[in-house]
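Down below is the structure, laid out as structure tokens.
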Amino acid sequence: MKNISKIFIILFSILALAACSHNNYFEQGTPLSLEEVNKIVEGSTSEVQLLHMFGEPTTKTIINSNETKWTYKYLKKSSTSHVLLGETSYNILEGTLEVIVKEGVVTWFNYTQNNKQKKW
492 MKNISKIFII LFSILALAAC SHNNYFEQGT PLSLEEVNKI VEGSTSEVQL
542 LHMFGEPTTK TIINSNETKW TYKYLKKSST SHVLLGETSY NILEGTLEVI
592 VKEGVVTWFN YTQNNKQKKW
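Structure representation (structure tokens):
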């Protein structure tokens, strides 16, 4: 009988601790996809088309009187946290799209995407 009580207490404790977890979700910036980025054509895609595809950039940096660098950044993080253990798993997606616009037309662009994962 004592063994059954101990097993019951252990099982109850495990279930109680499992219930003390929660999922976190954070998203910031303009969602970027490789499919949309691949629609950009150097020497052809206009500022208006960029705005239609991605919206306003995170930053605009003036290079000279004819050129501007547009930067789009995106961050998406999902994680699971436990009260006693802290963050036990996460998935982070970071994307950066840099575009040089000269006289209203894209002349250069670069897209980088990083995925980071931790599973405990």
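First residue of the sequence shown: 492, per this note's numbering; consecutive thereafter.
Cβ atoms here follow ideal geometry from the backbone N, Cα and C, with glycine treated the same way.
For residue j and residue i, believed in contact at Cβ under 8 angstroms, the rounded distance
| i | j | result |
| --- | --- | --- |
| M544 | E518 | Actually they are not in contact, since the Cβ atoms of M544 and E518 sit about 18 angstroms apart, beyond 8 angstroms. |
| V596 | G534 | 7 angstroms |
Local Cβ density within 10 Å of residue i, reported as buried at 16 or more and exposed below that
| i | result |
| --- | --- |
| G586 | buried |
| L542 | exposed |
| P548 | buried |
| L523 | buried |
| Y563 | buried |
| L588 | buried |
| V590 | buried |
Close Cβ partners of residue i (< 6 angstroms) along its chain, the five nearest in sequence each way excluded
| i | result |
| --- | --- |
| I583 | K568, K607 |
| T552 | K560 |
| Y602 | V528, L588 |
| T440 | This structure does not reach residue 440, given that the chain is present from 492 up to 611, and the question cannot be answered. |
Sequence-distant residues of its chain with Cβ nearer than 8 angstroms to residue i (five each side left out)
| i | result |
| --- | --- |
| K530 | T536, M544 |
| N557 | K593, E594 |
| I554 | K560, I591 |
| T598 | E533, G534, E558, I591, V592 |
| L525 | Y602, Q604 |
Proximal residues to residue i (C-beta, below 7 angstroms), its chain only, five neighbours per side dropped
| i | result |
| --- | --- |
| E538 | V592, G595 |
| K609 | S580, Y581 |
Uninterrupted beta strand (DSSP E) stretches inside the region 522-591 (no shorter than 3 residues): The qualifying runs are 550-553, 558-573.
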